[in-house]
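Novice: So the protein lines, in turn, are chains A and B. Positions 1 to 176 (this note's numbering) are the ones given, in order, by the first sequence. Positions 177 to 353 (this note's numbering) are the ones given, in order, by the second sequence. Could you have a look at this structure, given as structure tokens, before my questions?
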Amino acid sequence: MTALLKLFLAFLKIGAFSFGGGYAVLALIQKEVIENNGWILPKDFIDIVAVAEMTPGPIAVNSSTFVGYRVAGIAGSAIATFAVVLVPITITLIVSVYYNKFKHLKQVNWVIKGIRPAVLGLIAAACIKIAWASIVDIKGIIIALMVFLGIYKLKINPIIAIIASGVLGVIFYGVI
Amino acid sequence: MPLDIFLTFFKIGSFTIGGGYAMLPIIQREVVGNKKWLGEEEFLDSIAVTNSLPGPLAINCATFVGYRTAGYAGAAAAALGAVMPSFLIILVIAIFFASFREYPIVDYVFSGIRPAVVALIAYALFKLVKAMGVNLLNISVSIAVLLLILLFNLHPIVTIVACGALGFFLNRKEKKQ
Numbered sequence: 001m002t003a004l005l006k007l008f009l010a011f012l013k014i015g016a017f018s019f020g021g022g023y024a025v026l027a028l029i030q031k032e033v034i035e036n037n038g039w040i041l042p043k044d045f046i047d048i049v050a051v052a053e054m055t056p057g058p059i060a061v062n063s064s065t066f067v068g069y070r071v072a073g074i075a076g077s078a079i080a081t082f083a084v085v086l087v088p089i090t091i092t093l094i095v096s097v098y099y100n101k102f103k104h105l106k107q108v109n110w111v112i113k114g115i116r117p118a119v120l121g122l123i124a125a126a127c128i129k130i131a132w133a134s135i136v137d138i139k140g141i142i143i144a145l146m147v148f149l150g151i152y153k154l155k156i157n158p159i160i161a162i163i164a165s166g167v168l169g170v171i172f173y174g175v176i
Numbered sequence: 177m178p179l180d181i182f183l184t185f186f187k188i189g190s191f192t193i194g195g196g197y198a199m200l201p202i203i204q205r206e207v208v209g210n211k212k213w214l215g216e217e218e219f220l221d222s223i224a225v226t227n228s229l230p231g232p233l234a235i236n237c238a239t240f241v242g243y244r245t246a247g248y249a250g251a252a253a254a255a256l257g258a259v260m261p262s263f264l265i266i267l268v269i270a271i272f273f274a275s276f277r278e279y280p281i282v283d284y285v286f287s288g289i290r291p292a293v294v295a296l297i298a299y300a301l302f303k304l305v306k307a308m309g310v311n312l313l314n315i316s317v318s319i320a321v322l323l324l325i326l327l328f329n330l331h332p333i334v335t336i337v338a339c340g341a342l343g344f345f346l347n348r349k350e351k352k353q
């Protein structure tokens, strides 16, 4: 199977099951991109998430564009991006057309009720895997705690927190 | 009309950092307030529906609004407009990232940023747990999913399908009684 086809199928799967927002999708991307296909290293994946966090657009789309480029250049990035939104857009379109019927479909609601608590587990799994690869020493623990308290207690904007953590990185790892 | 839809969602997609929920108020302002393509209630309905579908919320919402406003051409224009900005921005970053990444100082910057990413995800999780409420069902299902993925190396898709099926059958049973 060619690289482009593999890329297309992996991101088609990721898009089709991306319930629960950007962070829940990270668990799927980790599985497909890092563990099953070995396209990028766990460390590089976190860099991509950080970049995605600071740029406009959904995390799933941003990371598929980035990973696609890594695997197969500009063609790869276009294919991965197209694949990740293909199923969601198709389903949304079908629902838009049959909206009045869909609105009253209680079965959909039942399924969603089951998926909702699973989303917590997916995000927790992604978080632990990312922590495992990114917090390598006591300095990392300090930075993570500072950022968590900063956004929780001081309500710092996440983008500002990321920039600040970059400065802390230079101080902790470059200067000290 | 489709061109106007494309440009509107292109603009929204270009300037909203922070994912779907950050985009919704801006989509609402443009689509309901400025352009008057949809009524307030219809817009809120669209979020309730698109929220239950797979995929990025902002892109699903754009597709829905586009279809309601101008049919299939409108849906295509809106979806394309919503995806294009992030695609182009990330493509440019990806092209220059490797060479940029070689400087030692960039390495220090990312050594600091990586733990911050963990904190951001942990915070999102914390907020979500608070919003959903701590009860036996939520906690046991989420811990089961976590353990299945981490310890048993199960594919996340399998856990999603299993939980969806479980939700379907449990709720159906409840309705029958």
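Heads up, the beta-carbon is just placed ideally off N, CA and C, and yes, glycines get one too.
For the putative contact between A27/A and P332/B, defined by C-beta atoms under 8 Å, what is the C-beta separation to the nearest angstrom?
Specialist: 4 Å
Novice: Name the one or two DSSP bridge partners that I193/B has.
Specialist: P56/A
Novice: Can you pull the chain A neighbours of M308/B, defined as C-beta to C-beta under 8 Å?
Specialist: R116, P117, L120
Novice: Compare the C-beta of V294/B with all C-beta atoms of chain A and state if any pair is closer than 8 Å.
Specialist: yes
Novice: Going by Cα to Cα distance, which pick from V95/A, P117/A, P42/A, S64/A is closest to M308/B?
Specialist: Comparing alpha carbon positions, the residue from V95/A, P117/A, P42/A, S64/A closest to M308/B is P117/A.
Novice: First and last residue of the alpha helix (DSSP H) that includes V25/A?
Specialist: 22 to 29
Novice: Does the beta carbon of I79/A sit closer than 8 Å to a beta carbon anywhere in chain B?
Specialist: no
Novice: Reducing DSSP to helix, strand and coil, say where S134/A ends up.
Specialist: Taken through DSSP and simplified to helix, strand or coil, S134/A comes out as helix.
Novice: Is the beta carbon of G242/B less than 8 Å from the beta carbon of A255/B?
Specialist: yes
Novice: Please classify L11/A as buried or exposed, where buried requires at least 16 other C-beta atoms within 10 Å of its C-beta.
Specialist: Checking the sequence, you will find Phe at residue 11/A rather than Leu. Flag for F11/A reads buried.
Novice: Whose Cβ in chain B lies nearer than 7 Å to the Cβ of W39/A?
Specialist: Result: empty, since nearest Cβ-Cβ is about 13 Å, beyond 7 Å.
Novice: Which residue spans inside the region 65 to 135 of chain A form an unbroken alpha helix (DSSP H) run of at least 4?
Specialist: 99 to 102, 106 to 134
Novice: Any chance the region 139 to 152 of chain A sits against the region 57 to 64 of chain A, with 3 or more Cβ pairs inside 8 Å?
Specialist: No, they do not touch.
Novice: Can you pull the chain A residues whose beta carbon is under 8 Å from the beta carbon of A300/B, in chain order?
Specialist: Y23, I123
Novice: If we ignore side chains and look at the alpha-carbon of each, how far apart do Y284/B and R277/B end up?
Specialist: 10 Å
Novice: Can you pull the chain B neighbours of F148/A, defined as C-beta to C-beta under 8 Å?
Specialist: A295, A298, Y299
Novice: With 16 other CB atoms within 10 Å as the buried threshold, where does P201/B fall?
Specialist: exposed
Novice: Any chance you could list the alpha helix (DSSP H) runs of at least 4 consecutive residues sitting entirely within the region 302 to 343 of chain B, in chain order?
Specialist: 312 to 326
Novice: Please decide whether P42/A counts as near chain B, where near means a Cβ-Cβ distance under 8 Å.
Specialist: Not closer than 8 Å to any Cβ of chain B, the Cβ of P42/A fails to qualify, so no.
Novice: Go ahead and label P280/B buried or exposed: buried means 16 or more other beta carbons lie within 10 angstroms of its beta carbon, across all protein chains shown.
Specialist: exposed
Novice: Tell me the residue span of the alpha helix (DSSP H) that contains P158/A.
Specialist: 158 to 169
Novice: So, at 6 Å on beta carbons, what are the nonlocal neighbours of E218/B in its own chain, with the 5 sequence-adjacent residues on each side left out?
Specialist: none
Novice: Sorted by chain position, which residues of the same chain lie with C-beta nearer than 6 Å to S64/A's C-beta, five sequence neighbours on each side aside?
Specialist: F11, A80, T81, V84, listed in sequence order.
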